[in-house]
Amino acid sequence: MRWVAYLEMRGLYAAAHRGQPAPRPGRVPLPAAPVSGLPAVPAPGRPVPAGGPAPPGGPNQAIVVRVAESPGLNPAIATRVAEGPDWPPLLVIRDGRLWDGCPRVWNQGARVGMPRRQALRQVPGAAVALYGEVDYTPVARALWNRLAGFSGWVEPVSEHQVFVDLSGPGGQPPRQEMASLVRAATAAVAAAAGVPPAELFPLAGLGTNKLVARAAALTAGPGRPAVVPRGEEAAFLAPLPVEALWRAPEELRERIARLGLRRIGDLARVPAAELRRQFGPWGEELARWSRGEDPEPVAAAWPLRTIRRRIAFPEGAAPADLASAPAALARELAAELAARAEVARAVALEVEWEAGADRAEQRLPRRAWTAASLELPLQALLRQLLARGPRGGRVLALTASAGDLLPAGHRQLDLWGLDREREAERQERLDRALGVLQARFPARRVQVGWPEQALGWRQALYGYYDPHRWAHRFS
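Counting from 1, position 412 in the sequence shown corresponds to residue 680 in our numbering; the numbering is continuous, with no gaps.
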């Protein structure tokens with residue numbers, strides 16, 4: 269029986285800011301206020317008083333976030349924040365609007381999308397962090413990896429929003445599994461960010477499809493999943509505002525509201541023919557969504573599909589002897605991608621030293637599937653790993669990975685595919701076929717490429733007076 273879980277881990281971005289220093293230059297750190305029970309710590313860059321203990325994370329890191337409002341300056345987080353109940357509420361602002369925050373932000377009535385000034389009035393004394401100041405990838409991957417332990421179908425929508433397919437043979441909703449999923453995900457994010465679990469605000473919903481599961485999560489309390497039993501989807505959605513139809517574009521929801529349809533139940537009472545007349549192709553979708561129907565399944569988008577190739581050196585190889593290894597690994601990866609008709613958007617390389625292994629990865633600027641497009645990033649990763657490897661150490665193996673695979677899409681038809689190793693055979697067969705045609709037909713009838721045509725006198729005259737004039741040549 270199909271069951272879809274939706275988890276929105278609010279507080280994930282704020283937790284990432286709590287656990288990492290703000291790396292972007294130009295932010296002015298302010299002196300930190302003392303935390304009850306802890307000694308006061310000077311601002312970053314000032315020496316620690318003699319005899320005073322060093323704060324967590326280093327001698328020059330502040331304890332508490334302070335925010336300044338100055339003309340021309342954005343609010344800034346000072347540095348790493350120590351654990352404790354005296355943290356100020358933290359707002360994460362994206363494009364001038366509230367994007368995330370700690371639990372105290374939501375408990376004081378703030379809403380996602382609220383303008384920044386309104387959010388600061390709603391949560392007095394809050395600190396402000398700008399979206400993108402720190403890297404959220406480690407925390408997000410910790411969440412996704414933990415959810416992948418519950419199902420093979422995990423579809424991240426963003427860093428903190430994930431769909432999980434919990435379908436099973438029984439007809440009853442998997443309430444216990446859903447509760448375990450929320451607890452495990454909260455613990456994983458807290459551990460990855462280095463904050464207490466109380467600094468997270470998980471919202472979860474369980475339903476028969478993605479539309480209902482996400483709508484249920486927005487009505488749930490923190491850590492208490494909302495479950496919509498099978499057959500009750502329409503009744504559950506009826507009292508909710510039209511904004512809960514998150515699948516519909518914002519302009520479409522605004523148009524529905526202008527027609528006086530404030531609730532999903534109001535929309536469900538409109539005949540499907542009238543919806544089609546009013547909204548065109550969207551009318552059929554709106555009629556289906558208002559009844560709680562959503563046929564789109566959860567995609568198996570995480571973990572990212574990856575292919576790997578390994579070269580072993582049983583006797584060990586010196587770093588100077590690895591110059592040709594990236595090219596060999598790139599050819600093997602390209603051949604596998606060609607056989608799968610896929611492209612890669614990320615590559616990784618792992619070097620196995622005698623003392624241990626080291627790994628580096630790189631996001632590609634464009635999709636890659638040929639050996640040449642994979643070889644260059646692999647060479648860069650190899651230089652990076654060898655530079656930080658043990659001096660005089662020997663390499664036991666190299667493992668190259670091409671990840672984040674996608675279908676290659678449409679390509680020019682080619683009788684030989686993407687196998688460039690058979691280029692010589694291809695040219696030989698084409699020459700043989702051309703020879704047969706030239707023996708059968710006059711030479712003037714069989715030519716290779718486009719015939720070259722001389723410019724007429726008018727084009728030549730124009731070209732003489734205007735050398736920048738475009739002239740078309742067949743080559």
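Ideal Cβ positions, reconstructed from N, Cα and C, are used throughout, including at glycine. These figures come from a predicted structure and were not determined experimentally.
Worksheet entry | Residue span of the alpha helix (DSSP H) that contains E561, given as start and end | For E561, there is no enclosing alpha helix (DSSP H), since its DSSP letter is neither H nor E.
Item to complete: Could you please give the first and the last residue of the uninterrupted alpha helix (DSSP H) stretch that includes R384?
Response: Note, R384: alpha helix (DSSP H), 384-390.
Discussion item. Which residues does DSSP list as the beta-bridge partners of V430?
Written reply: L275, P424
Worksheet item: Cα-Cα, which of I532, E622, G420, I579 is closest to R813?
Response: Look at the range of the chain in this structure, 269 to 743, and you will see that residue 813 is not part of it.
Fill in: Through-space distance from G548 to A284, alpha-carbon basis
43 Å
Discussion item. Once the 5 residues before and after A461 are set aside, which same chain residues still bring their CB inside 6 Å of it?
Written reply: A283, A284, G287, V407
Worksheet item: Should R372 go down as buried or exposed, given a rule of 16 or more other Cβ atoms within 10 Å for buried?
Response: buried
Worksheet item: On the three-state DSSP scale, how would you describe D672?
Response: coil
Fill in: DSSP state of E500 mapped onto helix, strand, coil
coil
Item to complete: Going by CA-CA distance only, name the one from A483, V422, L479, V480 that's closest to A453.
Response: Selected option, being the one with the closest Cα: V422.
Worksheet item: Taking the C-alpha atoms as reference points, what is the distance between L359 and G661?
Response: Computed Cα separation, rounded: 48 Å.
Worksheet item: Looking at P470 and L654, is the spacing between their C-beta atoms short of 8 Å?
Response: no
Item to complete: Assign A593 to buried or exposed, taking buried as 16 or more other Cβ atoms, counted over all protein chains shown, within 10 Å of its Cβ.
Response: So A593 ends up on the buried side.
Worksheet entry | When A494, T487, G499, R498 are compared against E511, the one with the closest alpha-carbon | T487
Worksheet item: Quick one: Cα of V463 to Cα of L527, how far?
Response: Spanning the alpha carbons of V463 and L527 requires a straight line of approximately 46 Å.
Worksheet item: Going by C-alpha distance, which of L646, G499, A588, L664 is nearest A623?
Response: It is L664 whose Cα lies nearest to the Cα of A623.
Item to complete: Leaving aside the five residues before and after I579 along the sequence, list all residues of the same chain whose C-beta is less than 7 Å from its C-beta, in chain order.
Response: A593, A596, L597, A665, L666.
Discussion item. Only counting the same chain, and skipping five residues up and downstream in sequence, which positions put a Cβ closer than 8 Å to that of P392?
Written reply: none
Discussion item. Just to confirm my understanding: we take Q429, look at its own chain, exclude 5 residues before and 5 after, and list those with CB closer than 7 Å. What are they?
Written reply: E276
Discussion item. Could you tell me the alpha carbon to alpha carbon distance between G499 and W412, rounded to whole angstroms?
Written reply: Taken atom to atom, the span from the alpha-carbon of G499 to that of W412 is near 30 Å.
Practice prompt. Answer with buried or exposed for V704, where buried requires no fewer than 16 other C-beta atoms within 10 angstroms of its C-beta.
Written response: exposed
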